[in-house]
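Heads up, the thing below is written out as structure tokens.
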Ligand code: BGC
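In our numbering, the protein residues as written are 3 to 893.
Quick look at the structure:
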């Protein structure tokens, strides 16, 4: 039996996906072993459908275990495939097969048989209900897949039963450029007999308020499109499609808006609407052919409804956690406020034992004021209010077409509070699998990690957004760029970000510019320094985390186009001064904290990011084998970096823009010649001391500050900033009750209340980008090769910490580092997944005293390159589990 086996099989980075649009999908697996020093010497993949092999890779030598392309016969649409993989270890012993599956989507570019259906033109409704004519399945169903999309967001039913509990399908794209559909397996819903398909469509992003633009920015008319493909065991098949035979009506939903909430009158619900009942106000639908040019959109472009219709490439939005109500209090008289103890994005589920006609109002908020009333001012124009009128004495209400950012729920319209067990919060988010777990001996930092994770969950909802509560909820490029490395270290976000990169591709103009928010809005302007750089930073970070070898070759031309735009506003020396730079957003290095762009020179930020983006593009071009572009980009970056030092710094390493962020960017991006660095570092440290050992950076400086201090030998100061509890710091928000990351360092002050309500979100992940420092530097795990094929294990104790650990489910396998200091003695346990290796560096100086599993380090066969470097014991380690201890000195 082989000492390694494949596990966690993924196709297009999803586990057993249904409805993929990639016709040569890519396969990945991790390798697991109980033994040390294990490698994959070869693999074999076999793909079959209905027992018939469609691809057998044969034995392929090599240690690659991810993003391997299918190369078999052409796949069929809406078909289930089984795929399996086996591997050979270094001794050429073969493992068992490991199995998984995938289901293809509709063929890319195919014309669907279905027609778009909508409410009759002059009788619109906020939540039309559509119903198919009845159809009968009289034979044994072998497989049945429903593929559907909507202009709007929809719930789809068969015989009144939802085909999925997933939320807000088909999600959000720039519908003028790209539209997604979803596929679900519905074989279990199709027993013998008569059936109906039903759908409820609500405005969603398509026709509802997006950001602060009150009307739909795309169009107003809701549509639905579906095909149900049934294959019977006897080989026959049938397709049921939306067409002009469908009917429509409306039911309980009087309003259903993402931003403002739902209005539901359950008395109006038409029971059995998705069955054969005929009573009620049914109308014939309006139907348009699949590729009809039927837009009533803002842009007034004549674009087919099915423009670029493709399968959604990432996880759907789902209930990712249920949270019970912990307490209830009375706010304003008659208004009962439930506390879930956790800020999140989502909805609630209420068990309402009232009476038919009882009307409850639900308001949501992230905070309660010191007077005990709901704080909703920071929601701005988002009403975030659901109304529900009971239809019976025992109703269960759970909103379906909205979500709110909240920790508190206020219920009005009841004479006494509902029991706590009748009130449950449902956290919603794109269902990206958890990947990273960090913990340490400082409880405040454990809370910080929890806050980072919850803010990621709340804002990774279809696109990476700035915040989930106010009238914004947009894909702000800067925020995503700052946070992406931390995000990848916390969850499996490869598919999620690939989807957003598609959105970004759609948003890029011919001159290389991208919009500040993606999908783009009809306002907001071009993304400039630290925002626009999302186009270079995000693909690079994804490549680092997930190692997809095709990503940067696909992206480098787009990155270059952005660099070319950047280049237009560079003077003859290489200093950039474009118009749109937002500055070091919300930095506190200005007298008036209401000046959002901070104190750092915008020219400096632009020139620094100009250099960064050019370097990343050079690297991507090199990977793509385009030496000419790589060279051009490097030359531009080199020239600008030189100019940067000369223009902004004097010979003593003092910057004309004397802020923490300015020094951090200069040092972190290597923009200063060696000799100027010590003084620049000194000045950065002085600036922090002058601020009473506190940071004052904004979005631009924050993620680089602590890693830069550590890198240049000021690790203790970095840990001090990390562990601070007074203003401004992460600990300050936690001391003030934060359960998510705040937009502003001074978002709320205990006993005083909220900061400026105009821009004061309590769920904004930019400052959560400190996570990367905790995992990479404090715990000490960092990718050295793309996809964590090789990583650095270099823990750095500091501050008050006596213990820290981080485990990470990488695309290559599961890593773990755990160190502790007991009575001053350092020990460290770590795991390196099979087929991977690590460069280990421990904060110890005595090689001879270090033992692995109780044996001298030098005797450990899976360890090599033993040495002491920069005051630390360093070595290379092959895969496996290691317990590192310092031998007790004999008395
Ligand atoms: C958003 C931010 C964003 C900023 C830039 C804000 O309204 O919430 O997160 O990056 O605008 O202008």
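Beta carbons are placed, not taken as given, at the ideal position from N, Cα and C, and that holds for glycine.
Report yes if the C-beta of residue i is less than 7 Å from at least one heavy atom of the ligand BGC; otherwise report no.
| i | result |
| --- | --- |
| residue 480 | yes |
| residue 587 | yes |
| residue 583 | no |
| residue 469 | yes |
| residue 474 | yes |
| residue 314 | no |
| residue 761 | yes |
| residue 517 | no |
| residue 766 | yes |
In the DSSP assignment, what residue or residues form a beta bridge with residue i?
| i | result |
| --- | --- |
| residue 54 | 51 |
| residue 844 | 875 |
| residue 181 | 311 |
| residue 20 | 105 |
| residue 764 | DSSP lists no partner for residue 764. |
| residue 202 | 131, 157 |
| residue 32 | 9 |
| residue 430 | 321 |
| residue 226 | 119, 152 |
| residue 365 | 387, 412 |
| residue 2 | Residue 2 lies beyond the residue range present for the chain, which begins at 3 and ends at 893; the question has no answer from this structure. |
| residue 912 | Nothing can be reported for residue 912: it is not among the residues displayed for the chain, which extend from 3 to 893. |
| residue 830 | 821, 886 |
| residue 462 | 466 |
| residue 442 | 806 |
| residue 472 | Answer is none; residue 472 lacks a bridge partner. |
| residue 187 | 147 |
| residue 1 | The question about residue 1 has no answer here: the residues shown for the chain are numbered 3 through 893. |
| residue 233 | 145, 239 |
Sorry if obvious, but does the Cβ on residue i come closer than 7 Å to a heavy atom of the ligand ZN?
| i | result |
| --- | --- |
| residue 664 | Because the ligand ZN does not appear in the structure shown, any question about it cannot be addressed here, the ligands present being the ligand BGC. |
Could you tell me whether any Cβ in chain B is nearer than 8 Å to the Cβ of residue i?
| i | result |
| --- | --- |
| residue 613 | The chain inventory of the structure shown lacks chain B, comprising one protein chain alone. |
For the segment 526-539 and the segment 613-628, state whether three or more C-beta atom pairs, one from each stretch, are separated by less than 8 Å. yes
Query raised in the report: Using 8 Å as the Cβ pair cut-off and three pairs as the minimum, do the segment 562-581 and the segment 603-611 touch?
Result: yes
- [ ] Could you tell me which uninterrupted alpha helix (DSSP H) segments, each at least 4 residues in length, are contained entirely in the segment 288-360, listed from first to last along the chain?
- [x] none
Sequence ranges, beta strand (DSSP E) only - wholly within the segment 66-152, length at least 3:
82-91, 100-106, 118-120, 131-133, 137-139
To test your reading of the DSSP string, which unbroken alpha helix (DSSP H) runs of 4 or more residues are found completely within the segment 511-578? 536-548, 553-570
query = Are the segment 145-153 and the segment 215-232 touching by the rule of at least three beta carbon pairs closer than 8 Å?
reply = yes
Margin query: Check whether the segment 812-826 and the segment 446-459 are in contact - that is, three or more C-beta pairs closer than 8 Å.
Written below: In short, these stretches do not touch, since the Cβ pair count stays below three.
Looking at C-beta atoms only, is the number of pairs between the segment 742-762 and the segment 796-809 that lie closer than 8 Å three or more?
-> no
*Do the segment 439-446 and the segment 347-363 meet, that is, are 3 or more Cβ pairs less than 8 Å apart?*
no
>> For the segment 696-714 against the segment 661-668, do three or more pairs of beta-carbon atoms, one drawn from each stretch, fall closer than 8 Å, so that the two count as touching?
In response: Contact between the segment 696-714 and the segment 661-668 is present, because at least three Cβ pairs lie under 8 Å.
Is the segment 833-843 touching the segment 744-754 in the sense that three or more CB pairs, one from each, lie closer than 8 Å? no
- Is the segment 621-638 touching the segment 592-603 in the sense that three or more CB pairs, one from each, lie closer than 8 Å? no
*Decide yes or no for the touch test of the segment 135-148 against the segment 201-209: beta carbon pairs closer than 8 Å, at least 3 of them.*
no
#### Entry: In chain order, each beta strand (DSSP E) run of at least 3 residues that lies wholly inside the segment 650-686
none
- Is the segment 241-254 close to the segment 276-293, with three or more CB pairs under 8 Å? yes
Do the segment 373-385 and the segment 317-328 touch if we need at least three Cβ pairs shorter than 8 Å? no
### Message
Please give the ranges of any beta strand (DSSP E) in the segment 787-828, keeping only runs that are unbroken, at least 3 residues long and fully inside the region.
### Response
792-795, 805-811, 816-824
Q. Counting Cβ pairs, one atom from each stretch, are 3 or more of them under 8 Å apart for the segment 879-892 and the segment 846-853?
A. yes
| query | For the 8 Å Cβ check, are there 3 or more pairs between the segment 167-182 and the segment 304-317? | reply | Yes, the segment 167-182 is in contact with the segment 304-317.
### Task
Write down every uninterrupted run of the beta strand (DSSP E) in the segment 390-430 whose length is 3 residues or greater and which is fully enclosed by it, in chain order.
397-399, 406-414
message: Counting beta carbon pairs with one atom in the segment 267-277 and one in the segment 159-166, are three or more of them shorter than 8 Å?
response: The segment 159-166 makes contact with the segment 267-277, as at least three CB pairs between them are under 8 Å.
Is the segment 690-702 touching the segment 723-732 in the sense that three or more CB pairs, one from each, lie closer than 8 Å?
yes
| query | With contact counted as at least three CB pairs below 8 Å, one residue from each stretch, are the segment 409-428 and the segment 469-476 in contact? | reply | No, the segment 409-428 does not touch the segment 469-476.
- [ ] Could you tell me whether the segment 259-268 touches the segment 211-220, where touching means 3 or more Cβ pairs closer than 8 Å?
- [x] yes
Exercise for review: Say whether the segment 772-783 touches the segment 394-411, bearing in mind that this needs 3 or more beta-carbon pairs closer than 8 Å, one atom from each stretch.
Suggested key: Three or more Cβ pairs closer than 8 Å define a contact, and the segment 772-783 falls short of that threshold against the segment 394-411.
(Q) For the pair the segment 361-368 and the segment 424-439, tell me if three or more CB-CB distances fall below 8 Å. (A) Using a Cβ-Cβ distance cut-off of 8 Å, the segment 361-368 and the segment 424-439 are not in contact, since fewer than three pairs of beta carbons, one from each stretch, lie closer than that value.
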